[in-house]
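Participant:
Residue numbers (the working numbering): 4 to 510.
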């Protein structure tokens, strides 16, 4: 079979891998990115139904206003001026709905605006709301790379790693409705009571409070632009390359081998797939069995069930904000649903097709789903590249579950059903097959404040020239995975100079 030689081979074209490819290409390395799917981008992938574009995973992005962290990185890579973005509602990018309360509680952009919008609904809670904002900002300040800062002590970060989200929120106010609103969009990180660290909440919410955006015609544009950059500087990005093995001798990886026998040699390798899967495919004894077992045993965040709806023309009003609904008193129990009470909550997203839009062309409804619910079909595999019919029982399952979800949203948005032209469904199996994790996990390895170091995974491995990147190395999301890519490159290069270049980029 054919063999090729590069400076760096990157396995997986999720945003972490694409960021690594861009940064290292700019440093003069010959880079090759290998992607198993037809479409690049991991969770940035989009798909089309009835001439309508849907995001598979990325529905909105934070930190993209001038001078903010993601803006600076994207600006350095030369992609900011190529992105087609729509800024979300300044006075409420997310609107929280609690049970039968007909009011919509607004989470706004800009910290002072965030305070003022919440004060309209909680006029006696100014101290709590301002304390929350200061706590979020203070927590974020402890993370050097998040702030594109090169200097920072571990002790600085350590003091906030062991705080859990629910305890912090409850310490700020006794108002249970305000507590529920402040964590009302906790589906962004799968909030688990007395477990999810507050820093996870803070790093994610801060980016949206700073600025919140949607990608016009989908997030796949980010992946396409990053891929074009790699090719423009002499790198390669190859699709339909399903890496099955990383061959090593001792503590050095030699080549990556695909399912069809192609070999890709390199001086260094970066894996953008799940760390456990990376180690499974790496044949070396320097990675001890106990470490492999420990990684495999780490709990993952729950998966999801999504209904992607094509709407009839001029029927359902477009919103520049998202909705997060949860039943009264259930904000911390959304993953603990039963068959009888599912779903305990949901989110609604509206993909923008143009800058000016009165009516929505489409909407996506998101809710949690455990992998065990699709276990009867877990031995099937279905993607665009490898189509496989999971059978009528699976189709019936999807129809039944979609009906329940649509009925739930209809209660809050009367008339929705009459506006539906068609819909398609994604289950935990969809995410498993396209993204390549074990159980369709939304955000990978779950963080736990009680043992923070257990779920911190280094970009380094025992194989000297094999590195890790992606959502499991840092935190998830476009911003989290981008910073993960930056961290991996700093580790590989042995220098933080690249951070200064990003900070000093003009534009």
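Every residue, glycine too, gets a C-beta built ideally from N, C-alpha and C.
#1: Quick one: what does DSSP say residue 370 is sitting in, helix, strand or coil?
#2: What is the DSSP secondary structure of residue 203, counted as helix, strand or coil?
#3: Measure the CB-CB distance between residue 102 and residue 330 and report whether it falls below 8 Å.
#4: Relative to the alpha-carbon of residue 27, which residue among 507, 510, 499, 509 has its alpha-carbon at the smallest distance?
#5: For residue 350, collect the residues of the same chain with a Cβ closer than 7 Å to its Cβ; drop the 5 residues on either side in sequence, then sort them by chain order.
#6: By the three-class DSSP mapping on this structure, what secondary structure does residue 478 have?
#7: Three or more C-beta pairs under 8 Å: does that hold for the segment 140 to 152 against the segment 203 to 215?
#8: Quick check on the burial criterion: 16 or more other C-beta atoms within 10 angstroms. Buried or exposed for residue 456?
#9: Spatial neighbours of residue 1 within its chain, please: C-beta separation below 7 Å, excluding the five flanking residues on both sides.
#10: Is residue 481 closer than 8 Å to residue 14 when the C-beta atoms are compared?
#11: Measuring alpha carbon to alpha carbon, tell me which of 39, 47, 393, 17 ends up nearest residue 217.
#12: Report the CB separation of residue 267 from residue 449 in whole angstroms; it is logged as a contact under 8 Å.
#13: Suppose you measure from the CA of residue 113 to the CA of residue 452; what does that come to, to the nearest Å?
#14: Who are the Cβ neighbours of residue 286 in its own chain at under 8 Å, not counting the five residues just before and after it?
#15: May I ask you to report which of helix, strand or coil DSSP gives residue 65?
#16: Of the choices 411, 303, 428, whose alpha-carbon is the least far from that of residue 443?
#17: Taking the alpha carbon of residue 488 as the reference point, which residue from 97, 77, 396, 62 has its own alpha carbon closest?
#18: To which residues does DSSP link residue 51 through a beta bridge?
#19: Quick one, which of 288, 214, 19 has its alpha-carbon nearest residue 467's?
#20: With a threshold of 8 Å, are at least 3 pairs of Cβ atoms found where one atom belongs to the segment 92 to 99 and the other to the segment 177 to 187?
#21: Starting from residue 280, trace the alpha helix (DSSP H) in both directions and tell me its first and last residue.
#22: Cβ of residue 12 within 8 Å of Cβ of residue 272?
#23: Does the contact criterion of 3 or more C-beta pairs under 8 Å hold for the segment 313 to 324 versus the segment 372 to 382?
#24: Measuring straight from C-alpha to C-alpha, what distance separates residue 347 and residue 192?
#25: Can you give the Cα-Cα distance for residue 1 and residue 30, rounded to whole angstroms?
#26: Put residue 271 into one of helix, strand or coil per three-state DSSP.
#27: Output the boundary residues of the beta strand (DSSP E) element that contains residue 8.
#28: Output the distance between the C-alpha atoms of residue 160 and residue 142, rounded to the nearest integer angstrom.
#29: Using only alpha-carbon positions, find the residue among 426, 94, 178, 257 that is nearest to residue 118.
#30: DSSP has residue 111 in a bridge; who is on the other side?
#31: Beta carbon of residue 167, beta carbon of residue 211: below 8 Å?
#32: In three-state DSSP terms, what is residue 319?
#33: Rounded to whole angstroms, what is the Cα-Cα separation between residue 3 and residue 403?
#34: Give me the DSSP bridge partner(s) of residue 335.
#35: Measure the C-alpha to C-alpha separation of residue 352 and residue 56 and round it to an integer number of angstroms.
#36: Return helix, strand or coil for residue 498, following the three-state DSSP convention.
Facilitator: This is what the structure holds:
#1: strand
#2: helix
#3: yes
#4: Each of 507, 510, 499, 509 was checked against the Cα of residue 27, and the nearest Cα belongs to 499.
#5: 190, 325, 326, 327, 369
#6: coil
#7: yes
#8: exposed
#9: Outside the shown range of the chain, which is 4 to 510, sits residue 1, and nothing can be said about it.
#10: Not a contact, by the Cβ cut-off of 8 Å.
#11: 47
#12: With a Cβ gap of about 32 Å, residue 267 and residue 449 do not count as contacting.
#13: So the two alpha carbons sit approximately 28 Å from each other.
#14: 248, 249, 250, 251
#15: strand
#16: 303
#17: 77
#18: 56
#19: Comparing C-alpha distances from residue 467 to each of 288, 214, 19 shows the shortest one belongs to 288.
#20: yes
#21: 278 to 283
#22: yes
#23: no
#24: 16 Å
#25: Since the first residue of the chain shown is 4 and the last is 510, residue 1 is not available in this structure.
#26: Under the three-state reduction of DSSP output, residue 271 falls in the strand class.
#27: 6 to 14
#28: So the two alpha carbons sit approximately 8 Å from each other.
#29: Taking only the C-alpha atoms, the option nearest residue 118 is 94.
#30: Beta-bridge pairing links residue 111 to no other residue.
#31: Taking 8 Å as the cut-off, the Cβ atoms of residue 167 and residue 211 do not count as close.
#32: coil
#33: With the chain represented from 4 up to 510, any question about residue 3 goes unanswered, as that position is not in the structure.
#34: None; residue 335 has no bridge partner.
#35: 13 Å
#36: In the structure shown, residue 498 sits in coil (DSSP, three-state: anything other than H, G, I, E or B).
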